[in-house]
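In what follows, a single structure is set out as structure tokens and then discussed.
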Amino acid sequence: MFTLGRKVSLTYRTNQIILGLAVISGILWYIVTTDLAESAMLAGSLFLSWALVREIDCRREYAAFVAVGIYIVLQLFFSFQISLGLIFLMILLMRAINQITGKSLTAIDLLSVIGLTGYLIYTTENGVYLLLVILMLVVNAYLNNNGQRNSYLALIVTAMTIVISLFTPISLNINSLATEPLALVHYASLLVYFIYILIDKDKASVTDLGEPASIRRLLYAQLFYGLAQVVLIIFGDMLMSNRLMFISSALGVVIYGLIDQYKKKQENE
Numbered sequence: 002m003f004t005l006g007r008k009v010s011l012t013y014r015t016n017q018i019i020l021g022l023a024v025i026s027g028i029l030w031y032i033v034t035t036d037l038a039e040s041a042m043l044a045g046s047l048f049l050s051w052a053l054v055r056e057i058d059c060r061r062e063y064a065a066f067v068a069v070g071i072y073i074v075l076q077l078f079f080s081f082q083i084s085l086g087l088i089f090l091m092i093l094l095m096r097a098i099n100q101i102t103g104k105s106l107t108a109i110d111l112l113s114v115i116g117l118t119g120y121l122i123y124t125t126e127n128g129v130y131l132l133l134v135i136l137m138l139v140v141n142a143y144l145n146n147n148g149q150r151n152s153y154l155a156l157i158v159t160a161m162t163i164v165i166s167l168f169t170p171i172s173l174n175i176n177s178l179a180t181e182p183l184a185l186v187h188y189a190s191l192l193v194y195f196i197y198i199l200i201d202k203d204k205a206s207v208t209d210l211g212e213p214a215s216i217r218r219l220l221y222a223q224l225f226y227g228l229a230q231v232v233l234i235i236f237g238d239m240l241m242s243n244r245l246m247f248i249s250s251a252l253g254v255v256i257y258g259l260i261d262q263y264k265k266k267q268e269n270e
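For what it's worth, my numbering labels the leading residue of the sequence shown as 2, then goes sequentially.
Written out as structure tokens, the structure reads:
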């Protein structure tokens, strides 16, 4: 059973807003560019930007809209080049850690993640995506405190590495640290993000099944997201819009989180 999927119910106001915003943005982009494929990808990127932040901050749903707004503004000033597969993989890996769906990982979940990872490695000839999956499995192994389950995860990593290396050309090179202004903004936003999630104590949320979510898992999923970006900076080939999305997601979480905390402080006084 695939447990990493989450239903997008059209009865929820926030879901209606993001879907409408994505469709309208896609239509406007098509009017400007007349490129149907690119317009569809832009619409998809807005939705995934929202979904990404919903996994980072499961408690504050409107943080995702702040992030999407920042992403839209930034995208107006830069060329649109994105890997939606990378964003989708990040979402699945965070769900595998925070288990916000309320269900434990299954073999089908891991096979799905491995399949997407293999596809990304095959199309980019870069093994950085394998490192992201290994990082997720290491975090899960630490959180499980289950020797038998951890042994299974280790075997899966070994088998996955062997299979992918047999069928896809893999390269893994250390990048020189980019120093252009946008990259520096990315590094700064990442630093602010790490500081914020470590001092934010208001993480309590519920799973899709209505049960209390593990705050420990929520925190480690947030840490994973930041560490995954560090891995991508060192080993990956980051496209422009992916970088913009990473910047906007970090700023959206921090800005709305601080606003939310300020409002609660004012209400308590």
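Ideal placement from N, C-alpha and C gives every residue a C-beta, glycine not left out.
Sequence-distant partners of residue 76 (beyond 5 residues in either direction) whose C-beta falls short of 7 Å from its own C-beta, in its chain, are 242, 245.
The C-beta distance from residue 107 to residue 208 rounds to 16 Å, too long to meet the 8 Å contact threshold. Distances from the CA of residue 255 to each of 134, 54, 46, 99 were compared; the closest alpha carbon is that of 54. Between residue 102 and residue 7, the gap from beta carbon to beta carbon is short of 8 Å. At least 8 Å separates the beta-carbon of residue 225 from that of residue 132. When secondary structure is reduced to three states using DSSP, residue 74 falls in the helix class.
By the CB criterion at 8 Å, residue 238 and residue 127 fall inside the cutoff.
If only uninterrupted alpha helix (DSSP H) runs of at least 4 residues are considered, those enclosed by the segment 68-149 are 85-99, 108-125, 129-145. Taking 8 Å as the cut-off, the Cβ atoms of residue 56 and residue 16 do not count as close. Our two residues, residue 268 and residue 262, have alpha carbons roughly 10 Å apart in a direct line. Taking all protein chains shown into account, residue 96 has 16 or more neighbouring C-beta atoms within 10 Å of its C-beta and is therefore buried. The segment 17-24 makes contact with the segment 60-72, as at least three CB pairs between them are under 8 Å. Cβ neighbours of residue 44 within its own chain (closer than 7 Å, five residues either side excluded): 23, 24, 26, 27.
Put simply, of 94, 114, 119 the residue whose alpha carbon is nearest the alpha carbon of residue 140 is 94. About 4 Å separates the beta carbon of residue 206 from that of residue 60, a gap short enough to meet the 8 Å contact definition.
About 6 Å separates the Cβ atoms of residue 230 and residue 191, confirming a contact at the 8 Å cut-off.
The shortest CA-to-CA distance from residue 257 to any of 221, 71, 123, 90 is the one to 71. DSSP places residue 182 inside the alpha helix (DSSP H), whose first and last residues are 182-200.
Here the alpha carbons of residue 48 and residue 179 stand approximately 28 Å from one another. Judged by their CB atoms, residue 220 and residue 136 are not nearer to each other than the 8 Å cut-off.
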